[in-house]
Amino acid sequence: MKNLEVAELLRNIAELLEIQEENSFKIRAYEKAALVIENLSEDIGKVWKEGRLEELPGIGEALAEKISEFLEKGRLAYYEKLKKEVPIDMENLGKIPGLGPKTLKKLYRALKIRDVPSLEKAARAGNIRNLPGLGAKAEENILKSLAFSKSATRIPLGFALPHAEEIVARLRPLKDVKRIDIAGSLRRRKDTIGDIDLLVASKNPAAAIGAFASLPLVEQVLAKGDTKSSVRLKEGIQVDMRVIDEKSYGAALLYFTGSKQHNIELRKAAISKGCKLSEYGLFSNRTNALIAGKTEQDLYESLGLPYIEPELRENEGEIEAARQHKLPRLIMERDVRGDLQMHSTWSDGSNTIGEMARAAQEMGHEYICITDHGGNLPIANALKGAQTKDYLKDIEKANNNIRGITVLKGMEANITKDGTIDVPNRILKQMDIVLGSIHSGFKNPKEEMTKRITKAMENEHVDIIAHPTGRLINQRPAYDTDFDALLDTAKSTGTVLEINASPERLDLDASHVRAAVQRGVKLSIGTDAHTAESLKSIRLGVFTARRGWAEKKDVINALPVKGMLAQLK
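Written out as structure tokens, the structure reads:
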């Protein structure tokens, strides 16, 4: 799949056009197209070959021609022309958190900064602090962002999982594959992974490994042995596959799923029972007889424990909870009845309200909340004044025309620097749900940022704080806040905290989810979808909730619509 490659190309074009001060509508067209393709569940190459590019939201004839040229030739003449006109390495500089096109343009004009090495050199020399509109703090933040970018080498869950699932789907039907499972940190649904681990049960390891190594997704075979093979996919991800004997498959799956510390604790439990546990099974120390190994359930049962879900296996109290029969009954995707954050063409989305509602209905949702941006947020084409009336009419129209799903009136309102909401109360009162969120000033001091979010929670109209920590995976760290203080305020004000299921966010993360659950703070799961296709990322939010020990009762949109609304302020 070249989806991310095409999306990155379109984003780079948008940034180059912004530096050239091109028409804002043209820039936005490229940004929207990038978002659509990034969230596409099928291969963009397949869509192109079938002549369906112009069926995608926001992609007209001109954009379709450019995408076709890139997919056919591996390059785009228009992009190469732009790069010559703007001698700035947007492909790499654009990945540095906090560096937008306007700042890059200023840095180039003043200091001839055109790539990452020249940026780092200028920042370390103290040359950036003297530029108007930047200063010492901006220079310090650039150095921090450079360090963060160098460390951000792991692969996001939302990118890795579809590739792993595609491999499994291709191999599972083969006669030489008796069982196949994803293992490792990907099975535990960590928000980032190092590589993909797969386990296969087969009586013909050579055939299974041969089929794996010859998959069309594979770019390079890194290693190929009797029972193990490593490959690199065309998207750059390494995949390791091991072939296991069926009688020890469960033990191997347990071992290679991890975590390492969870496995250590299980081995201690085995020792206490006069046994030894390895990837080959649970054996009696006295007779060396195999006690269990075919399934994970058998192994846990033999150790006197109930089955522990993979998402919990981090040695964070799950084994003790299992011993005491206090493991949580983790929320499941089927428990989620609705999606509480999404955007339409009324702000920065690519699909109409009706299209979003129909797509959600096809997924089995009972309700959705349309939460287009409101207030003074020019980057998101936020709703202004009189537009709100027509926006609400459009939501009502969808409710009248689409049976079997409730479309709630919502708005994502910007939290300003002092914590106020930049949408008038008379507008907020008309909404079923108001999300409060931060879109600027991400690097404010800890005390200031904590007060800012706290004040927003104290607003009687703000029901949910969206993407509460502001982190973007591999792009931007979380805000510096006193999260315990935020939980206290959320609890006292009845404010819900969102688990944003967008693949680039997963915010709250698992540790914050667990802290919220322990405090009794209610959670919501929202996709923050800007395309109908992106609604499918709801499962990523569920995975994060599960890693944070969340049950059905902790998540408001696991309730029917009336019960969910009753949980709000």
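For the sequence shown, position 467 matches number 467 in the numbering used here, and the numbering has no gaps at all. Don't be surprised by glycine CBs; every beta carbon is placed ideally from N, CA and C.
| Check | Outcome |
| --- | --- |
| Looking at C-alpha atoms only, which residue of F442, H461, T495, K491 is the closest neighbour of G470? | F442 |
| Would you mind sorting N130 into buried or exposed? The rule is 16 or more other CB atoms within 10 Å of its CB. | exposed |
| Just how far apart, CA to CA, sit K389 and A485? | 37 angstroms |
| Go to L408, then tell me how far its beta strand (DSSP E) extends in each direction, as first and last residue. | 406-414 |
| Whole angstroms are fine: how far does the CA of Q238 sit from the CA of A223? | 11 angstroms |
| Would K73 be called buried (16 or more neighbouring beta carbons within 10 Å of its own) or exposed? | exposed |
| Starting from K397, trace the alpha helix (DSSP H) in both directions and tell me its first and last residue. | 387-401 |
| Check P560 in the structure and name its three-state DSSP category. | coil |
| Any idea which residues DSSP pairs L233 with across the strands? | V218 |
| Which of the three DSSP states is assigned to N92 in this structure? | helix |
| DSSP three-state label for R242, please. | strand |
| Mind reading off the beta-carbon distance from H461 to N425? Whole number of angstroms is fine, and I expect it under 8 angstroms. | 6 angstroms |
| Would you decide whether E15 is buried or exposed? Buried here means 16 or more other CB atoms lie within 10 Å of its CB. | buried |
| Just how far apart, CA to CA, sit V86 and Q20? | 8 angstroms |
| Nearest-angstrom Cα distance between A359 and G60? | 21 angstroms |
| Do L53 and A34 have their CB atoms nearer than 8 angstroms? | no |
| Within the same chain, show all residues whose beta-carbon is closer than 8 angstroms to that of M363, passing over the 5 residues directly before and after it, in chain order. | L535, K536, I538 |
| Nearest by alpha-carbon distance to L327: which of L305, Y367, G338 is it? | L305 |
| When you compare only the Cα positions, how much space is there between D509 and T544? | 6 angstroms |
| Report the partner residues of G647 according to the DSSP bridge assignment. | What is shown of the chain runs 1 to 569, which leaves residue 647 out entirely. |
| Could you check whether the region 204-215 touches the region 224-243, counting it as contact only if at least three pairs of C-beta atoms, one from each stretch, sit closer than 8 angstroms? | yes |
| Who are the near neighbours of D348 in its chain, counting only those whose CB is closer than 7 angstroms to its CB and skipping five residues on each side? | H373, A380, N381, H530 |
| Measure the alpha-carbon distance for I182 versus R286 and round it to whole angstroms. | 34 angstroms |
| At the level of alpha carbons, what is the spacing between R179 and E165? | 14 angstroms |
| For A570, which option in E279, E301, C275 has the closest C-alpha, if you only look at C-alpha atoms? | This structure cannot speak to residue 570, because the chain is shown only from 1 to 569. |
| Just reading off the alpha helix (DSSP H) that D298 is part of, what are its end residues? | 296-302 |
| In this structure, does DSSP put V423 in helix, strand or coil? | coil |
| Kindly list the residues whose CB is nearer than 6 angstroms to the CB of D176, restricted to its own chain and excluding five residues on each side of it in sequence; keep chain order. | S202, N204, A207, A208 |
| State the DSSP-derived secondary structure class of D335, mapped to helix, strand or coil. | helix |
| Sort out for me which residues DSSP pairs I44 with in a bridge. | Bridge partners of I44: none, in fact. |
| Just the Cα atoms here: how many angstroms apart are K32 and E235? | 22 angstroms |
| Please classify D339 as buried or exposed, where buried requires at least 16 other C-beta atoms within 10 Å of its C-beta. | buried |
| What does a CB cutoff of less than 8 angstroms around Y249 pick up in its chain, not counting 5 residues either side in sequence? | R179, L199, A201, G293, K294, T295 |
| Using 8 angstroms as the Cβ pair cut-off and three pairs as the minimum, do the region 463-477 and the region 492-512 touch? | yes |
| Under the three-state reduction of DSSP, which class applies to Y307: helix, strand or coil? | coil |
| Are the CB atoms of D422 and N459 within a distance shorter than 8 angstroms? | no |
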